[in-house]
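Colleague: Quick one: the structure is below, and I'll ask about it shortly.
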Amino acid sequence: MREITIGCAQLGPIQKDERRAVVVDRLIALLEQASGRGATLVVFPELALTTFFPRWYMEDRAEIDAWFERDMPNDVTQPLFDRARELGVGMYLGYAELTPDGQHFNTSILTNMTGEIVLKYRKIHLPGHSEFDPERAFQHLEKRYFLPGDLGFNVARAHGGVMGMCICNDRRWPETYRVMGLQGVEVVMLGYNTPSVNSQHSGEGPEARLFHHRLSCQAGAYQNSTWVIAAAKAGVEDGNPLLGGSLIVDPDGNIVACSQTEEDELMVHTCDLDRCTFGTQTIFDFARHRRIEHYGLITSQTGIIAPPE
Ligand code: CDT
Numbered sequence: 108m109r110e111i112t113i114g115c116a117q118l119g120p121i122q123k124d125e126r127r128a129v130v131v132d133r134l135i136a137l138l139e140q141a142s143g144r145g146a147t148l149v150v151f152p153e154l155a156l157t158t159f160f161p162r163w164y165m166e167d168r169a170e171i172d173a174w175f176e177r178d179m180p181n182d183v184t185q186p187l188f189d190r191a192r193e194l195g196v197g198m199y200l201g202y203a204e205l206t207p208d209g210q211h212f213n214t215s216i217l218t219n220m221t222g223e224i225v226l227k228y229r230k231i232h233l234p235g236h237s238e239f240d241p242e243r244a245f246q247h248l249e250k251r252y253f254l255p256g257d258l259g260f261n262v263a264r265a266h267g268g269v270m271g272m273c274i275c276n277d278r279r280w281p282e283t284y285r286v287m288g289l290q291g292v293e294v295v296m297l298g299y300n301t302p303s304v305n306s307q308h309s310g311e312g313p314e315a316r317l318f319h320h321r322l323s324c325q326a327g328a329y330q331n332s333t334w335v336i337a338a339a340k341a342g343v344e345d346g347n348p349l350l351g352g353s354l355i356v357d358p359d360g361n362i363v364a365c366s367q368t369e370e371d372e373l374m375v376h377t378c379d380l381d382r383c384t385f386g387t388q389t390i391f392d393f394a395r396h397r398r399i400e401h402y403g404l405i406t407s408q409t410g411i412i413a414p415p416e
């Protein structure tokens, strides 16, 4: 058995005027709880330091850039990194990244137990739109504020296993998991901010949203024989409801832990990474069964081209 005890740290809402330092205190409290329960790795949500700001339409460059981090760690997040190192706990942390050459990404990092960053991911599937949409009940302006990630779906050997990351909407795309699956991923970590009602189709409510979230994470885990740890930012942020439903999924696709609230809440589970090998060596022995000669459309085409009527 290769066991790693992982904390899935859901955050309740972060209001627009909540200072990052206050949020960092909440993250440290969750980290300490996780350590107290034996975790050596904690997964925090997407954009874990601020409200989900892409719901707000902004034009002013300085106003936009104020939501981004120019360094990681920086003055505000250093106490979190220090505490993590003292406790010997690694973390997945999502934040908005502004690079020295002025590029904006929706980013996550993975640290090891001594607080060093061992992997960085920049969100690839950016949902939403880039201009103000008067038809929507809530704006979702990720395409306005972020560039598509340029680092690919890389994995790293850390925490005794093969670790991979993605962010929110990425979890709905099978390609996300498969590219990491082909690198032998054993733990896929992800954070999310999912509005609990669809702003365009009033028919889809929280139950459907929760179903699709679970379906995506469970299918990704099962089809690639990997653990999936998904941490929500949940609850009502300035009147905008976000889905909870944080969960830990085992490599058979079973949910082994899930959140009960829409507040700051921690789930802890001891994950045996050796459980990934049954799937990757039997049912999904990729090397023996995959037929890549038939998969070309996946990388040569984005949209649907149906046969002529
Ligand atoms: N943050 C994020 O990626 N949220 C999306 C909502 C898309 S609705 C425009 C998600 O897939 O959960």
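Position in the sequence shown (first residue = 1) + 107 = our numbering.
Note that beta-carbon positions come from the ideal geometry of N, C-alpha and C, so glycine has one too.
Using the Cα positions of I355 and P415, report the straight-line distance between them to the nearest angstrom.
Modeller: Distance between the alpha carbons of I355 and P415: 43 Å.
Colleague: Taking only the alpha-carbon atoms, compute the straight-line gap between R109 and G267 and give it to the nearest angstrom.
Modeller: Straight-line Cα distance between these residues: approximately 7 Å.
Colleague: Work out the CA separation of E282 and C324 for me, nearest whole Å.
Modeller: Cα-Cα distance, rounded: 13 Å.
Colleague: Would you kindly work out how many angstroms separate the C-alpha atoms of T409 and G403, rounded to a whole number?
Modeller: Looking at the two C-alpha atoms, the distance is approximately 11 Å.
Colleague: Just verifying my parser: in three-state terms, what is the DSSP assignment at M62?
Modeller: Given that the chain is displayed from residue 108 to residue 416, the structure contains no residue 62 and the question cannot be resolved.
Colleague: Hey, M179 and I216 are a contact pair by Cβ (cut 8 Å); roughly how many whole angstroms apart?
Modeller: Right, the Cβ-Cβ distance comes to about 6 Å (below 8 Å), so this counts as a contact.
Colleague: Given a cut-off of 8 Å on the beta-carbon distance, is the pair Q117 and A338 in contact?
Modeller: In contact: Q117 and A338 (Cβ atoms closer than 8 Å).
Colleague: How long is the line joining the alpha carbons of K227 and L258, rounded to whole angstroms?
Modeller: Distance between the alpha carbons of K227 and L258 is about 8 Å.
Colleague: Could you check the C-alpha separation between G351 and A341 for me, to the nearest Å?
Modeller: Spanning the two alpha carbons is a distance of roughly 5 Å.
Colleague: Compute the minimum distance between the beta carbon of T301 and the heavy atoms of the ligand CDT, and state whether it is under 7 Å.
Modeller: T301 Cβ: within cutoff of the ligand CDT.
Colleague: I'd like the span of the alpha helix (DSSP H) that includes M287, first residue to last.
Modeller: Start and end: P281 to G288.
Colleague: Three or more C-beta pairs closer than 8 Å, one from the stretch 196-216 and one from the stretch 133-152: is that the case here?
Modeller: Touching, per the Cβ criterion.
Colleague: E153 and N213 look like a contact to me (Cβ under 8 Å); what is the Cβ gap, rounded to whole Å?
Modeller: That belief holds up - the Cβ atoms of E153 and N213 are roughly 7 Å apart, short of 8 Å.
Colleague: Using the rule of at least 16 other Cβ atoms within 10 Å of the residue's Cβ for burial, across every protein chain shown, is L322 buried or exposed?
Modeller: By the neighbour-count rule (16 or more Cβ atoms within 10 Å), L322 is not buried but exposed.
Colleague: Going by C-alpha distance, which of I135, A146, H236 and H320 is nearest I111?
Modeller: Cα-wise, what sits closest to I111 is A146.
Colleague: Check whether the Cβ of C275 lies closer than 7 Å to any heavy atom of the ligand CDT, and answer yes or no.
Modeller: Checking every heavy atom of the ligand CDT against the Cβ of C275, one is found closer than 7 Å.
Colleague: In or out: T389 buried (at least 16 other Cβ within 10 Å) or exposed?
Modeller: Answer is exposed; the Cβ neighbour count stays below 16.
Colleague: Note down the Cα distance separating E311 from E293, rounded to an integer number of angstroms.
Modeller: Looking at the two C-alpha atoms, the distance is approximately 32 Å.
Colleague: Could you tell me which whole alpha helix (DSSP H) segments of length 4 or greater appear in the stretch 337-412?
Modeller: Taking only runs of at least 4 residues, the alpha helix (DSSP H) segments lying wholly in the stretch 337-412 are 383-388, 393-396 and 403-407.
Colleague: Which same chain residues, not among the five before or five after E344, have their C-beta less than 7 Å away from its C-beta?
Modeller: Here the set comprises P120, I121, Q122, T158 and F159.
Colleague: What does DSSP give as the partner residues of G201 in its beta bridges?
Modeller: For G201, which the question treats as bridged, DSSP gives the partners S215.
Colleague: From the beta carbon of D277, is the nearest beta carbon of chain D less than 8 Å away?
Modeller: Any reference to chain D falls outside this structure, which holds one protein chain only.
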